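Peer 1: This is the structure, below, for whatever I ask next.
Protein chains in written order, with our numbering: chain R, 2 to 375; chain A, 1016 to 1437.
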């Protein structure tokens, strides 16, 4: 258990203290590039011998970010801007930002006005994915991203290095999917908070390093007998399910998280980077295989059905929509998710997520009610 | 409240406005007639390449325009409530979307009571996301709820200040071409490229005419109450490629020139201050806003919103058209780009300040405002003031706050004028 506990502590430390991780990499002489969520081509940074580090904000009450963004901005972006404006992201060579929603589009201006020491590498995904010109467009867009990364970091990103990085990322994604299954055999150890720290630490660590850690964790878990979970089970969907205090409410009510469709967690791992004629085109082609995500245009969405299928496979009684406050793309998907959930005879919970609010009492009441339902 | 010394004279509705009303009524009537004949009727986002639908001769209505009209008549709340209640859409999404999605759902119900201007249930959707990304989510939901197809032109976003790179123009052009092919298949009609060229030419005539009219308001004092411009958005949205719009704008131009010749104005108070209005109108509160502006002698002589349909390109140049639709709306530009345009406009129209609508429904425009204050103040030296509101949701706007913010702006503008005169 010592090795297991030690590993769990390491995941927890990384997830809770990304600034320390950033400083460690910088002290090692590495360059670090901030990566705004989601579907940012981190592989390009990795191929340049640098560390791509996720920028996911934090649980804070912003005091200066309001200068450049309205109060109805999603709290991840508000926290990120606050960190940027107050020097918490100092040391990043630059930051990549996808223009996936209106908040990102607005934030691109806010960031450039408020965070002068971290240059912005903006880019946009094509949303009309069935158009014959879309793949070529994204490949060209990634070429422009690569050129800007090289400019801001003085690194070189070769095709050969990119091919290697793609393999590392595909391997990591596969390991994360495996972890989700292994975790469900040990729900006594992999509590919702522990599960989250394993998932979240991935956005801050170099991917091969994280892959090795998760493999070690799975090896330790596989030494333990399979645990038969007697409590309720739930699937989480949304952008993030944070903070730990929020997730602890599930544990307090003997509810296990047995699967997720969170943008910060499993959603990014279910689509491998496909084979293709060039590494840039491979990277671009991944976007065209993404599915059931609020940030990706689809004429027909089976997100509700996907969640129901996940719940049925894992024996979950409910689906918790962790609705990021002011995230309009997720908000537009909420009706289809909740209706599909109820149609399947499952419980649907709508829990508000806000990094700038410390009060989880509304969620507590809803989760308690779910726990008490037959 | 400031005293309004100028009694509002009863003015006849100008001929150009009568023509707008007739044109709008005709467009709605055409859509209903087509529906009754079993022909497909479309709903379109406001800055979709209308030249395509116009060439096909398709009856198309515009939910954003419709939502604005219904909001101005204070008739939108039941639809918004339906979307938030029974349909479960969260309160934070765009109020145009909530209203329209709620309305589309109610239309298929037995107890639906038509609210004018009423649109028929659509059979297809035309989507361009150059105004915002929420449009895409809104139309996805309409498409799924109604089971109808979307013809989509993804217009990207200019996150830097440079004009669109060649690969961006190529992608948008590809979509326009593919859209035409897909529509040919769906409607079983051959696309007439000669007609397309004519529509492009007509669209350019109309946009240029409107620009000329707007520019006339740079005169001091302005011939028009700036809010009048909101009344002429409907031809730009609904009929940008039609000759009836040319006739309306030619008439409007004559009327404005007449106002200039007689040194009169449709702004019936004394024009003491000129401001640039930033953002969409608060449609449910338009009357109050205007009353308050007049009472302080403030004419919002110019606003950026009405220039959103200034889609400029050379007829026949498809690359140019693709580029123009990527650069058509306030929200398709980076903040430094759009604020540089606003700064120029503030100077050209001799504005003393900028009054900004922090529109709860429009994140992009609000971001522009928050980030843009510094740029405007640095490039023009004029003060900016914000007020909270919404384009349709009546729960956001506060009359008292609007007056207080306006009052503060007027005080600064007054102070600046006195300082200049010292």
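Beta carbons are placed, not taken as given, at the ideal position from N, Cα and C, and that holds for glycine.
Keep in mind it's a predicted model, so treat the numbers as computed, not measured.
Does DSSP put residue 1022 of chain A in a helix, in a strand, or in coil?
Peer 2: Caution applies to residue 1022 of chain A, whose pLDDT of 47 falls short of 50 and renders its modelled position unreliable; the value that the coordinates give is listed next. Residue 1022 of chain A falls in the coil class under three-state DSSP.
Peer 1: Mind checking residue 225 of chain R: buried by the 16 CB within 10 Å criterion, or exposed?
Peer 2: Residue 225 of chain R is exposed by the Cβ-count criterion.
Peer 1: According to a CB-to-CB cut-off of less than 8 Å, which residues of the segment 69-80 of chain R neighbour chain A?
Peer 2: Listed by position along the chain: 69, 70, 71, 73, 74.
Peer 1: Looking at C-alpha atoms only, which residue of A:1078, A:1309, A:1103 is the closest neighbour of residue 338 of chain R?
Peer 2: The shortest Cα separation from residue 338 of chain R among A:1078, A:1309, A:1103 belongs to A:1103.
Peer 1: Who are the neighbours of residue 268 of chain R on chain A, taking C-beta pairs under 7 Å?
Peer 2: Result: empty, since nearest Cβ-Cβ is about 17 Å, beyond 7 Å.
Peer 1: Within 10 angstroms of the Cβ of residue 1074 of chain A, are there 16 or more other Cβ atoms? Answer buried if so, exposed if not.
Peer 2: Its Cβ being crowded by 16 or more others within 10 Å, residue 1074 of chain A is buried.
Peer 1: So that I know if they touch, is there some Cβ in chain A lying closer than 8 Å to that of residue 282 of chain R?
Peer 2: No, no contact with chain A.
Peer 1: With a CB to CB cut of under 8 Å and the five nearest residues on each side skipped, what residues in its chain are close to residue 170 of chain R?
Peer 2: For residue 170 of chain R, where only same-chain residues beyond five positions count, the Cβ hits under 8 Å are 43, 44, 47, 208, 274.
Peer 1: Flag residue 114 of chain R as yes if its beta-carbon sits less than 8 Å from any beta-carbon of chain A, otherwise no.
Peer 2: Judged by the 8 Å Cβ criterion, residue 114 of chain R is in contact with chain A.
Peer 1: For residue 105 of chain R, I'd like the list of residues in its chain whose CB is within less than 8 Å of its CB, leaving aside the five on either flank, ordered along the chain.
Peer 2: Correct list, in chain order: 37, 78, 98, 99.
Peer 1: Helix, strand or coil for residue 380 of chain R? Go by DSSP, reduced to three states.
Peer 2: Because chain R is modelled from 2 through 375, residue 380 of chain R falls outside the range shown and cannot be assessed.
Peer 1: When you compare each of A:1134, A:1111, A:1035 to residue 1122 of chain A by their alpha carbons, which one comes out closest?
Peer 2: Comparing Cα-Cα distances from residue 1122 of chain A to each of A:1134, A:1111, A:1035, the minimum goes to A:1134.
Peer 1: Starting from the C-beta of residue 1212 of chain A, find all residues in its chain whose C-beta is less than 8 Å away, skip the five residues before and the five after it, and write them out in chain order.
Peer 2: Within the same chain, residue 1212 of chain A has close Cβ partners 1330, 1331.
Peer 1: Can you tell me whether residue 176 of chain R is helix, strand or coil according to DSSP?
Peer 2: DSSP places residue 176 of chain R in helix when its eight states are reduced to three.
Peer 1: Taking the straight line between their C-alpha atoms, what separation do you get for residue 164 of chain R and residue 1079 of chain A?
Peer 2: So the two alpha carbons sit approximately 46 Å from each other.
Peer 1: With a CB to CB cut of under 7 Å and the five nearest residues on each side skipped, what residues in its chain are close to residue 1120 of chain A?
Peer 2: 1097, 1102, 1160, listed in sequence order.
Peer 1: Among R:175, R:287, R:151, which residue has its Cα nearest to the Cα of residue 211 of chain R?
Peer 2: Of the candidates R:175, R:287, R:151, the one whose C-alpha sits nearest the C-alpha of residue 211 of chain R is R:175.
Peer 1: How many angstroms separate the CA atom of residue 1227 of chain A from the CA atom of residue 365 of chain R?
Peer 2: Distance between the alpha carbons of residue 1227 of chain A and residue 365 of chain R is about 60 Å.
Peer 1: If you run the structure through DSSP and keep just helix, strand and coil, what is residue 349 of chain R?
Peer 2: DSSP places residue 349 of chain R in strand when its eight states are reduced to three.
Peer 1: Can you have a look at residue 1430 of chain A and say buried or exposed, based on whether 16 or more other CB atoms are within 10 angstroms of its CB?
Peer 2: When all chains shown are included, residue 1430 of chain A counts as exposed.
Peer 1: With distance defined between alpha-carbon atoms, name the residue in A:1291, A:1169, A:1116 nearest to residue 1421 of chain A.
Peer 2: Nearest option by C-alpha distance: A:1291.
Peer 1: Hey, does residue 1351 of chain A have any beta-carbon neighbour from chain R nearer than 8 Å?
Peer 2: Chain R, which has a Cβ nearer than 8 Å to the Cβ of residue 1351 of chain A, makes this yes.
Peer 1: Name the residues in the segment 1097-1125 of chain A whose C-beta lies less than 7 Å from a C-beta of chain R; which are they?
Peer 2: Taking 7 Å as the Cβ-Cβ cut-off against chain R, the residues of the segment 1097-1125 of chain A that qualify are 1102, 1103, 1104, 1105, 1107, 1108.
Peer 1: Provide the residue(s) that pair with residue 1289 of chain A in DSSP beta bridges, ordered along the chain.
Peer 2: Partner(s): A:1314.
Peer 1: On the DSSP bridge list, what partners appear for residue 1297 of chain A?
Peer 2: Answer by DSSP bridge pairing: none, since residue 1297 of chain A is not bridged.
Peer 1: Based on DSSP bridge pairs, tell me the residues matched to residue 1403 of chain A.
Peer 2: Paired residue(s): A:1373.
Peer 1: Would you mind reading off the limits of the alpha helix (DSSP H) that contains residue 1282 of chain A?
Peer 2: Element bounds for residue 1282 of chain A: n/a, residue is neither H nor E.
Peer 1: Please say whether residue 1394 of chain A and residue 1183 of chain A have beta carbons closer to each other than 8 Å?
Peer 2: The answer is no: Cβ separation not under 8 Å.
Peer 1: Where residue 68 of chain R and residue 1384 of chain A are concerned, what is the direct C-alpha to C-alpha distance, given to the nearest angstrom?
Peer 2: Straight-line Cα distance between these residues: approximately 10 Å.
Peer 1: Could you tell me whether the Cβ atoms of residue 1149 of chain A and residue 329 of chain R are closer together than 8 Å?
Peer 2: In this structure, residue 329 of chain R lies closer than 8 Å to residue 1149 of chain A by Cβ.
Peer 1: Taking residue 82 of chain R as the reference, which of R:61, R:102, R:94 has the closest Cα?
Peer 2: That would be R:61, whose Cα lies nearest to the Cα of residue 82 of chain R.
Peer 1: Ends of the beta strand (DSSP E) at residue 193 of chain R?
Peer 2: Not the beta strand (DSSP E): residue 193 of chain R falls in the alpha helix (DSSP H), residues 193-202.
Peer 1: Note down, in chain order, all residues in the segment 1161-1173 of chain A with a beta-carbon under 9 Å from any beta-carbon belonging to chain R.
Peer 2: The residues in question are 1164, 1165, 1167, 1168, 1169, 1171, 1172.
Peer 1: Would you mind giving the Cβ-Cβ distance between residue 1256 of chain A and residue 1217 of chain A, rounded to the nearest angstrom? I have them listed as a contact below 8 Å.
Peer 2: With 8 Å as the limit, residue 1256 of chain A and residue 1217 of chain A qualify as a contact, their Cβ atoms being about 5 Å apart.
Peer 1: Between residue 1066 of chain A and residue 1220 of chain A, is the Cβ-Cβ spacing less than 8 Å?
Peer 2: No, they are not a contact pair.
Peer 1: With the cut-off set at 8 Å, would you say residue 1151 of chain A and residue 128 of chain R are in Cβ contact?
Peer 2: Yes, these two residues count as a Cβ contact at 8 Å.
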